[in-house]
Every structure is written in C-alpha cells, then in structure tokens.
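Participant: Dropping the structure in here first, questions after.
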Amino acid sequence: MFDLPVYGVAKKQKQTMLNQIIPLLSQYHYQHSDTYKRLIDSRFFDVVRAPHDQQLPVASRLFKDLTLTSIAPSDVFRQMRSSGTTGHASKITLDGESAKRQSRVLVKILQSWVGKQRRPMLLIDAPSTVRAAGAMTARAAGLQGLSFFGRDHCYALNENMELDLEKVQAFCAKYADEPVLIFGFTFIVWQQFIQALINNNLKLNFSDAMLIHGGGWKKMQEQAVTDSEFKTVIRRTLGHVTVHDYYGMVEQTGTIYVQCEKGFLHTPVWSDVLVRSPQDLRLLEHGESGLIQVNSILPTSYPGHCILTEDRGTIVGEDDCACGRLGKYFKVHGRLPKAQVKGCSDTFR
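Here our numbering is used: the first residue of the sequence shown is -3, the next is one more, and so on.
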C-alpha cells in the first residue's frame, strides 16, 4: 500500500481502497478508545456500514478538550501538540508504529516534489525551536521532518528569532549555484526573514532553490499579503526560487497537501479531502465552499482518520489538474469566522 504512487491512483481505485480501510479504522478506534466510542454512541452512528465519506468526523478542536487515544499509556512513543494561541493545545499520542508510518508517508510525499537527492538546506527558524523540551510542537515536527531532505543545514534565525545575516550570506555564497531547499512556516518566512532582508536592502541570488512553506496564513491575510504577492516578493528577494505552500495539521502529522505549479493543493493517495456545509454538515459538491474534512488511512494510535477542521475550502476538481497529478485538488480560504486560531506558526510574536 505504501508503495503506491503518491499522485498516480485514479478516483475509482482510490475510493475503493478508502472505503475498505477507513470504516475498519473507525471500528478499530471504537473498540480501543473509550472517548471515541462515547462520541460515536452519542450520535447513534453505525461505523460498520457507512462508506468512508459518510463516516462521522471528529472535530479538530476536540483534541484540545478530550483525551482521544487508542493506545495504553505504556505504548506512547511520542506526544505531539499543536501551537495554539491560548495555551490550550491539541494533544496527539503516537506509538512507534504510527510514528514510523507517518514518517514514511511524509518522505514519499516530499520526495515526489524535491527528489531523493539531499540538497543544502536553509531553515527559516531558530535552532532552539527543535531543541525545546516537552512534547514536540507541530512547528518543531515540521522542521525536524523536513530536515531529513537536506544537508549542511543552516538556521537563518538566531535564538531571538532575528535574522542571522552572517550565516545566511555565508550559506548563499557557498551554495548559490547549487540546488537548494528552503523551509519555514509562512509568517516566519515573511516577517522574520524576507522583511528583514528588505529592511537591510539586501537580496540573495539563489540560482535553483525550492521553498516549501506552510501555516500562518491568518497573519498574512491580516497584512493583506496574498499567495501571489508572497511568491513575487520571494523571487524578487531570493532569486530563482520555486515556491510551494502546503496544508497540514498536527492532528494528521505525516499527511501534507502540497501546492502544485498551478496553485492548487493536492491530496496524496493515502488521504482524501471532503467539504461540508458549515450549517448542516452535508457534503458539498466540487466548486462549493465549506468546512474542510480530511480523511487519512494513517492514524491507528488515535482516532484521527476522519477530522473536521475549522478551515474553509473548495474542492476544484479530481484527476484532471493541469499539472498532471491525479487525486482531488483544492483551495483553502482561511479559518471559519470566530474559530480559534490554531495554525502552526500563528503563535509566534
């Protein structure tokens, strides 16, 4: 199953696979998580008969309020937590197998974009973000997970989250003519890196760089920075850079939805995206805007296989994106009004 092409399985085969696996995951979590069982029983829902797109999703905010786990405390290998602004973070428990499975899928997804050759890597963050004690945050997990695809790692910011100009210029001088990978969370890339370069009247001149960034769009929207403007300023400041946004969350670590060259986010073969009406939660058609639901076959240590997010989005199409990748492709429009901000980088001040 994990050898399937990331974006190479057409709708019929993929939906058949999801309809086999997702209901089995619902049954598994129903049997192993008392909290999930109570949620399902409160709705008088039959997890056995419902196809994957009719399975009852767990609202993402419930991972803040409830202990949703399907493993014993002794089996916890790692606890993940989101970067919430209120100090009330989502808590995700992983056993060794779940962590390994998520890492394997993340590698498969990202290799389809950056290739298997490790590139010199510029990380737009501070080293202390990964070294922080306690449960791993979504931001730290992102940095650690993406670091696997790079070599000769350079952190662009110091411990005060300020531009470390000497290190960045040395990195650029060394690798300006080589393929380079740059990674960071959107608002931090924009505010702490790009704006700092602009304020110092500095430009870098990478000849072949790829920037992968995610999270933090609420703050970008507050500053009226669009995706198009973000990319334009990135290229004006850094040189020849291809830019890929991605959508993901701590509740489904390992599954990310990367933006293609045409500007759409793509679902990998192991997951699916649905859109529901905010009013009555009915499934909406392609082209209609509503609440994003993400389904994934990966989570077994916690009931995170069907999650209703607080994000608004639109499914644009399936199997027919001009970039050539199969699967659903979609747009994210932002957080549902009045929903709590929970983005991975929105908590940076």
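Yeah, the Cβ is synthetic: ideal placement off N, Cα and C, and Gly gets one too.
Compare the beta carbon distance of valine 176 and proline 123 with 7 Å and say whether it is the shorter of the two.
Facilitator: Not a contact, by the Cβ cut-off of 7 Å.
Participant: Using only the alpha-carbon positions, how far apart do alanine 169 and glycine 300 sit?
Facilitator: Rounded to the nearest angstrom, the two C-alpha atoms are 44 Å apart.
Participant: Measure from the C-beta of threonine 63 to each C-beta in chain B and report whether the shortest distance is under 7 Å.
Facilitator: Among the chains of the structure shown, chain B does not appear; only one protein chain is present.
Participant: How close, in whole Å, do the beta carbons of serine 94 and proline 274 come, if the pair is a contact with beta carbons under 8 Å?
Facilitator: Wrong, their Cβ atoms sit about 30 Å apart, outside the cutoff.
Participant: Check the DSSP bridge columns for proline 175 and list the partner residues they point to.
Facilitator: Proline 175 pairs with Asp204.
Participant: Mind checking whether threonine 89 and tyrosine 298 have CB atoms under 7 Å apart?
Facilitator: It is a contact, given that the beta carbons lie within the stated cut-off.
Participant: Going by other Cβ atoms of all chains shown within 10 Å of its Cβ, with 16 needed for buried, is proline 69 buried or exposed?
Facilitator: Counting Cβ neighbours within 10 Å, proline 69 comes out exposed, since fewer than 16 surround it.
Participant: Using a threshold of 7 Å, state whether the C-beta atoms of aspartate 91 and isoleucine 120 are closer than that.
Facilitator: Result no, Cβ atoms of aspartate 91 and isoleucine 120 do not sit closer than 7 Å.
Participant: To the nearest angstrom, how far is it from the Cα of threonine 82 to the Cα of glutamine 9?
Facilitator: Because the pLDDT of threonine 82 is 48, which lies under 50, any placement of that residue in the model is unreliable, and the number read from its coordinates should be weighed accordingly. Cα to Cα, threonine 82 sits roughly 42 Å from glutamine 9.
Participant: What are the start and end residues of the alpha helix (DSSP H) that includes phenylalanine 59?
Facilitator: Here the alpha helix (DSSP H) through phenylalanine 59 covers 58 to 61.
Participant: Which of the three DSSP states is assigned to glutamine 165 in this structure?
Facilitator: Three-state result, glutamine 165: helix.
Participant: Buried or exposed: lysine 112, going by 16 or more other Cβ atoms within 10 Å of its Cβ?
Facilitator: Exposed: under 16 other Cβ atoms inside 10 Å.
Participant: Thinking just about the alpha-carbon of each residue, which of Phe226, Ile208, Leu207, Met206 is nearest to the one in lysine 215?
Facilitator: That would be Phe226, whose Cα lies nearest to the Cα of lysine 215.
Participant: Alpha carbon to alpha carbon, how far is serine 143 from arginine 114? Give it in angstroms, no decimals.
Facilitator: Going from the Cα of arginine 114 to the Cα of serine 143 covers about 9 Å.
Participant: Which residues share a DSSP beta bridge with glutamate 314?
Facilitator: In DSSP, glutamate 314 forms a bridge with Lys324.
Participant: Count Cβ pairs between the stretch 187 to 203 and the stretch 238 to 257 that sit closer than 8 Å; are there 3 or more?
Facilitator: No: fewer than three Cβ pairs fall under 8 Å.
Participant: Hey, could you find the ends of the alpha helix (DSSP H) glutamine 23 is sitting in?
Facilitator: Looking at the DSSP string, the run of the alpha helix (DSSP H) that includes glutamine 23 is 7 to 28.
Participant: Is threonine 81 helix, strand or coil by DSSP?
Facilitator: Residue placement at threonine 81 is flagged as unreliable, the pLDDT there being 47, under the threshold of 50; a coordinate-derived value is accordingly withheld.
Participant: Taking a contact to mean a Cβ-Cβ separation below 7 Å, would you say isoleucine 293 touches isoleucine 17 in this structure?
Facilitator: It is a contact, given that the beta carbons lie within the stated cut-off.
Participant: Alpha carbon to alpha carbon, what distance is there between leucine 153 and valine 126?
Facilitator: Rounded to the nearest angstrom, the two C-alpha atoms are 13 Å apart.
Participant: Check whether the Cβ atoms of glutamine 350 and valine 54 lie closer than 7 Å to each other.
Facilitator: The requested residue 350 does not occur in the structure, where the chain is confined to residues -3 to 345.
Participant: Is it buried or exposed for leucine 35, if we count other Cβ within 10 angstroms and need 16 for buried?
Facilitator: Classification of leucine 35: buried, given that the 10 Å Cβ count is 16 or more.
Participant: Hey, histidine 149 and glycine 180: beta-carbon distance below 7 Å or not?
Facilitator: No; because the gap between Cβ atoms is not below 7 Å, this pair is not in contact.
Participant: Tell me which residue opens and which closes the beta strand (DSSP E) that glutamine 289 is part of.
Facilitator: 285 to 292 is the span of the beta strand (DSSP E), which, as asked, contains glutamine 289.
Participant: If the criterion is Cβ atoms closer than 7 Å, does the pair serine 56 and threonine 305 meet it?
Facilitator: In contact: serine 56 and threonine 305 (Cβ atoms closer than 7 Å).
Participant: For isoleucine 190, which of helix, strand or coil comes out of DSSP?
Facilitator: Helix, per DSSP.
Participant: What distance in whole Å lies between the Cβ atoms of valine 269 and isoleucine 252, which are believed to be in contact at a cut-off of 8 Å?
Facilitator: Not quite, the Cβ-Cβ distance comes to about 12 Å (not below 8 Å), so this is no contact.
Participant: Just checking my contact of histidine 262 with arginine 321 at CB under 8 Å: how many whole Å lie between their CB atoms?
Facilitator: Confirmed, about 5 Å.
Participant: For glutamine 248, is the classification buried or exposed, using 16 other Cβ atoms within 10 angstroms of its Cβ as the cut-off for buried?
Facilitator: Result: buried.
Participant: Going by Cα to Cα distance, which pick from Ala6, Leu0, Met(-3) is closest to glutamate 314?
Facilitator: Among Ala6, Leu0, Met(-3), the Cα nearest to that of glutamate 314 is on Ala6.
Participant: In chain order, what residues of the same chain lie with their CB nearer than 6 Å to the CB of alanine 85, ignoring the 5 residues before and after it?
Facilitator: Cβ neighbours of alanine 85 beyond the five flanking positions: Arg77, Ser78.
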